[in-house]
Amino acid sequence: MASERVTIVSCGQKFPASRGALRQCSRYFEAMFASGMKESSCDEIEIRDIEPNTLRLLIDESEGCLVAVTDDNVNDLLKATCLFQFERLQKDCVERLVKATELDNAVETWQTGDTFNLRPLRRAALVTLLWEFEKFVKHASFAACPFALLRTVLAKDTLNVPNEAVVAKAAGKWLKANLSTCSEQEIVAVGSCVRNQLLDEGAFSAWRSFWEDSSGGLFDRWDDVLRNSVGEPRSHIVRPAVVAYGLAQESDDFKSLAVYAPTKGDGPFTLHSVLPAHNRPRELRAFVVCSVGTFTGCRNMFAGEKKKRA
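Numbered per the UniProt record's numbering, the sequence shown finishes at 310, counting up by one with no gaps.
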């Protein structure tokens, strides 16, 4: 019968651990110890594809120790938790990366989410790129943006652009940088994301000229597809806002409804859940958060309130 204690080895370093504790925290180790293979009963198991420091953290997690997820270890730790299926610690890693998502790391965050099939990471990156699209086009990471991510961004109705010409210029810039490595189908897929019926005459002429000059005959073969690329006008995204209901009694100089448009530093997405008053931004400490919506929607709500009071 196998001993309850087991030694896990990585890069020559040995770490004592508990079989039972590992099984409870990790489906990987649960399957290993129940498999009937030699690893299920031997006293020493060598694990590859993980650094000793990261393995130590996984064992600490299994033994109930507090594992601090930091900027320095989050990427290695996330990879390990996905590989060895430590779900609770994986969730902590994902939450940290979601909160840290910004334009400078959005493409990398999306790639991490895509590699490990982590939807929250893909979504956080996508929302960032949709909202900051014009800055993204000028960012160093734009040219190296994966095809799948770019196509998803360009196809979204909620792409935050003032007009479709911005989309056409962005598609052209990416295609110029990637024509030599893209398949014909990928090139056409990116081009088809531009909604031609929304381009004015000058923008459409420039877009057509780009295709004729750069695509090596693709325009002739795919003329109907590219020319007839249609879609609804893009929805204008606005800053997120929190609709709050005042605790104080309503009066002429106090509005029962108020809107606070949080800044990035306020961590607006944390306001989806109930927070102690002292953890809220100062402007919200006298309010109960009741819903989250767009500033446009809130303006409409306030307009309705004013009519009622009139």
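Positions of the beta carbon are idealized from the N, C-alpha and C atoms, including for glycine.
| Item | Value |
| --- | --- |
| Assigned exposure category for Q24 - 16 Cβ within 10 Å defines buried | exposed |
| Cut-off 7 angstroms between Cβ atoms - residues of its own chain near R122, not counting five sequence neighbours on either side | W110, G113 and D114 |
| Residues bridged to P16 (per DSSP) | T7 |
| Distance CB(L83)-CB(A124) smaller than 9 angstroms | no |
| CA-to-CA distance, S3 to E108, given in whole angstroms | 42 angstroms |
| Cutoff 6 angstroms; reference F116; Cβ partners in own chain excluding five residues on either side | C82 |
| From S18, L130, T152 and A165, residue whose alpha carbon lies closest to that of L198 | A165 |
| DSSP state of I47 mapped onto helix, strand, coil | coil |
| Short Cβ contact (9 angstroms threshold) for F142 with E186 | no |
| Limits of the alpha helix (DSSP H) - the one that T134 falls within | The sequence shown places Glu at residue 134, not Thr. First-last of the alpha helix (DSSP H) with E134: F133 to K138. |
| Interface flag, A206 vs chain D, CB-CB below 9 angstroms | Going by chain labels, chain D is absent from the structure shown, which holds only one protein chain. |
| Candidates A80, R88 and S214: closest to K173 by CA position | S214 |
| Close Cβ partners of F15 (< 8 angstroms) along its chain, the five nearest in sequence each way excluded | T7, I8, V9, P52, L55, R56 and I59 |
| Contact the region 85–97 vs the region 25–45: 3+ CB pairs below 8 angstroms | yes |
| Close beta carbons around I20, own chain, < 8 angstroms, minus the five adjacent residues each side | Rather than Ile, the amino acid found at residue 20 in this sequence is Gly. For G20, where only same-chain residues beyond five positions count, the Cβ hits under 8 angstroms are E4. |
| Simplified DSSP assignment, three categories, for F84 | helix |
| Contact set for residue 325: own chain, Cβ-Cβ below 7 angstroms, skip 5 residues either direction | Because the chain spans 1 through 310 in this model, residue 325 falls outside it and cannot be assessed. |
| Neighbour-count burial assignment, E102, 16 or more Cβ in a 10 Å radius | exposed |
| Counted within 10 angstroms of its Cβ, other Cβ atoms place E212 as buried (16 or more) or exposed | exposed |
| Three-state secondary structure (DSSP) of S26 | strand |
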